[in-house]
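2 protein chains.
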Amino acid sequence: MTYACGMETPAEPRWLNAEERDAWLNLVGVLMRLSSALDAQLRCDAGLSHFEYMVLAGLSEAPERTLRMSELAGFTESGLPRLSQVVGRLEKRGWVHRSPSPSDGRITLATLTEDGWEKIVESAPGHVEAVRAYVFDPLTKAQSRQLGEIGHRILRAIDHQERCPGSTA
Amino acid sequence: MTYACGMETPAEPRWLNAEERDAWLNLVGVLMRLSSALDAQLRCDAGLSHFEYMVLAGLSEAPERTLRMSELAGFTESGLPRLSQVVGRLEKRGWVHRSPSPSDGRITLATLTEDGWEKIVESAPGHVEAVRAYVFDPLTKAQSRQLGEIGHRILRAIDHQERCPGSTA
DNA sequence: CGCAGTTAGTTCACGATGCAAGTAAATCGA
DNA sequence: TCGATTTACTTGCATCGTGAACTAACTGCG
Numbered sequence: 072m073t074y075a076c077g078m079e080t081p082a083e084p085r086w087l088n089a090e091e092r093d094a095w096l097n098l099v100g101v102l103m104r105l106s107s108a109l110d111a112q113l114r115c116d117a118g119l120s121h122f123e124y125m126v127l128a129g130l131s132e133a134p135e136r137t138l139r140m141s142e143l144a145g146f147t148e149s150g151l152p153r154l155s156q157v158v159g160r161l162e163k164r165g166w167v168h169r170s171p172s173p174s175d176g177r178i179t180l181a182t183l184t185e186d187g188w189e190k191i192v193e194s195a196p197g198h199v200e201a202v203r204a205y206v207f208d209p210l211t212k213a214q215s216r217q218l219g220e221i222g223h224r225i226l227r228a229i230d231h232q233e234r235c236p237g238s239t240a
Numbered sequence: 072m073t074y075a076c077g078m079e080t081p082a083e084p085r086w087l088n089a090e091e092r093d094a095w096l097n098l099v100g101v102l103m104r105l106s107s108a109l110d111a112q113l114r115c116d117a118g119l120s121h122f123e124y125m126v127l128a129g130l131s132e133a134p135e136r137t138l139r140m141s142e143l144a145g146f147t148e149s150g151l152p153r154l155s156q157v158v159g160r161l162e163k164r165g166w167v168h169r170s171p172s173p174s175d176g177r178i179t180l181a182t183l184t185e186d187g188w189e190k191i192v193e194s195a196p197g198h199v200e201a202v203r204a205y206v207f208d209p210l211t212k213a214q215s216r217q218l219g220e221i222g223h224r225i226l227r228a229i230d231h232q233e234r235c236p237g238s239t240a
């Protein structure tokens, strides 16, 4: 029940078959465990949360190592309030600097400092190693490719459905 | 940088190639967005968090609709403190009942009540529909099968590596 | 029995998160 | 050019999750 079989409700929807159910349970497991495993590695190895790493990584790849807050929020798939607090912490640690945009005073530009650059350069190898260990090493080349395609399709589906979906009725 | 290319550190590790990097960014996106999309659907449709749903679902599939707290914690991939609080909330709402095991007083047995059963029976169809919409509908049959296999391999890798992985050096 | 040591859960304190309200700057209409 | 609206962020509050200490119950050895 709760994913497959069961015959209780009216207008019974399309339940998951055994193969889908198995895939789903594995995916939920990955959702729950991979985030925390990566968080643990970064926290222990570099003293950064995965989210903080992504903020630094996003800035490190941007032109001038600078992005507006809302662009950075888009890159990290997060809302502005969360980003604001995290960037505040990173700023206190000296890895990011915030300044109002000269062209538009509403806009806040976040810039990676030299210390921040060094921080991510020293943190990246260990993190990439963990990503390999957890994700790519156990997969075949074809599976890695499929994983990219699968992730892409799921993200598109979420984008297109972004709303409170109609319930059963 | 931060995932591919870059030549800064000594003993440079195996960076991600373009295909892997793309797959990785998509997977991170799924990690960030799918959880919150499912949470939003359940919260809006059924007034349950995804974690609460999993607790009820776990109990609904167990013999006697009953599990010990630590077994339930294993099923939901979570620690006991978190589970204890969530089950406490579900108990206040009348969907779960806790009682000490007759055979061993240290053990707490969590049982799904009749109300809890009805709750999950009414919540499941909408949730399964969302899982389909976000995950399986956009995938081919072969991709769904691959997803199961990929998830399985990643979970095994995490299980085997559960520790603070050695850093770059 | 009786006490040390272990196991199972709970509780507490702290930090992180997300929504709603607040502030400051820019744009647009009169 | 002045005020109303919109945009871009920040702050505050209420909630949730995590790790460390705490309690209760069982086990085993004398």
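Top line first, the protein sequences correspond to chains U and F. If you count by this note's numbering, then the first sequence holds residues 72 to 240, one letter each, in order. If you count by this note's numbering, then the second sequence holds residues 72 to 240, one letter each, in order. By construction, the Cβ of each residue, glycine as well, lies at the ideal position given by its N, Cα and C atoms. Note that the structure is predicted; figures quoted are calculated from it, not measured.
Closer than 7 Å: residue i CB and nearest the ligand ADP heavy atom
| i | result |
| --- | --- |
| residue 163 (chain F) | You won't find the ligand ADP in this model; it holds no ligand whatsoever. |
Proximal residues of chain F, C-beta to C-beta of residue i below 7 Å
| i | result |
| --- | --- |
| residue 103 (chain U) | 148 |
Residues that residue i contacts on chain U, provided the C-beta gap is smaller than 7 Å
| i | result |
| --- | --- |
| residue 106 (chain F) | 102 |
Residue i versus residue j: straight-line alpha-carbon distance, rounded
| i | j | result |
| --- | --- | --- |
| residue 203 (chain U) | residue 168 (chain F) | 43 Å |
| residue 128 (chain U) | residue 191 (chain U) | 7 Å |
| residue 136 (chain U) | residue 107 (chain U) | 28 Å |
| residue 100 (chain F) | residue 177 (chain F) | 41 Å |
| residue 181 (chain U) | residue 162 (chain U) | 9 Å |
| residue 104 (chain U) | residue 125 (chain F) | 15 Å |
| residue 205 (chain U) | residue 89 (chain U) | 26 Å |
| residue 225 (chain F) | residue 218 (chain F) | 10 Å |
| residue 141 (chain U) | residue 147 (chain U) | 10 Å |
| residue 92 (chain U) | residue 113 (chain U) | 32 Å |
| residue 198 (chain U) | residue 207 (chain U) | 13 Å |
| residue 186 (chain F) | residue 159 (chain F) | 16 Å |
| residue 134 (chain U) | residue 183 (chain U) | 11 Å |
| residue 109 (chain U) | residue 174 (chain U) | 38 Å |
| residue 223 (chain F) | residue 215 (chain U) | 14 Å |
| residue 122 (chain F) | residue 86 (chain F) | 35 Å |
| residue 143 (chain F) | residue 156 (chain U) | 34 Å |
| residue 201 (chain F) | residue 96 (chain U) | 15 Å |
| residue 220 (chain F) | residue 227 (chain U) | 22 Å |
| residue 138 (chain F) | residue 195 (chain U) | 42 Å |
| residue 193 (chain U) | residue 111 (chain U) | 17 Å |
| residue 179 (chain U) | residue 164 (chain F) | 44 Å |
| residue 94 (chain U) | residue 94 (chain F) | 18 Å |
| residue 145 (chain U) | residue 188 (chain F) | 40 Å |
| residue 229 (chain U) | residue 229 (chain F) | 26 Å |
| residue 238 (chain U) | residue 172 (chain F) | Here residue 238 (chain U) scores only 34 on pLDDT, less than 50, and its place in the model is too uncertain to base an answer on. |
| residue 98 (chain F) | residue 102 (chain U) | 10 Å |
Contact set between residue i and chain U, taken where Cβ atoms lie within less than 9 Å
| i | result |
| --- | --- |
| residue 156 (chain F) | The contacting residues do not exist; residue 156 (chain F) stays about 17 Å from chain U at best. |
Residue i: contacting residues in chain F (beta-carbon distance under 8 Å)
| i | result |
| --- | --- |
| residue 244 (chain U) | With chain U covering only 72 through 240, there is no way to say anything about residue 244 (chain U). |
TODO: For the segment 145 to 197 of chain F, list the alpha helix (DSSP H) runs that are entirely contained and at least 4 residues long, ordered along the chain.
DONE: If we require 4 residues or more, the alpha helix (DSSP H) runs fully inside the segment 145 to 197 of chain F come out as 151 to 163.
Task: Chain-ordered residues of the segment 210 to 228 of chain F with a beta carbon less than 8 Å from chain U - done: Near chain U, meaning a CB-to-CB distance below 8 Å, the residues of the segment 210 to 228 of chain F are 210, 214, 215, 216, 217, 218, 219, 220, 221, 222, 223, 224, 225, 226, 227, 228.
Open item on the list: Give me the subset of the segment 85 to 101 of chain U whose CB atoms are less than 7 Å from a CB atom of chain F, sorted by chain position.
Closed with: Per Cβ criterion, the list reads 85, 86, 87, 90, 91, 93, 94, 95, 97, 98, 100, 101.
Task: At least three beta-carbon pairs within less than 8 Å, the segment 119 to 135 of chain F to the segment 140 to 160 of chain U - done: Judged by pairs of C-beta atoms under 8 Å, the segment 119 to 135 of chain F does not touch the segment 140 to 160 of chain U, as fewer than three such pairs exist.
Task: the segment 115 to 126 of chain F contacting the segment 225 to 233 of chain U, beta-carbon criterion three pairs below 8 Å - done: Per the Cβ contact rule, the segment 115 to 126 of chain F is not in contact with the segment 225 to 233 of chain U (fewer than 3 Cβ pairs under 8 Å).
Open item on the list: I want to know whether the segment 209 to 223 of chain U touches the segment 157 to 174 of chain U - three or more CB-CB distances under 8 Å.
Closed with: These segments do not touch.
- [ ] Return the chain-ordered ranges of every alpha helix (DSSP H) run that is complete within the segment 82 to 152 of chain U and spans a minimum of 4 residues.
- [x] Within the segment 82 to 152 of chain U, the complete alpha helix (DSSP H) runs of at least 4 residues fall at 89 to 117, 121 to 132, 140 to 146.
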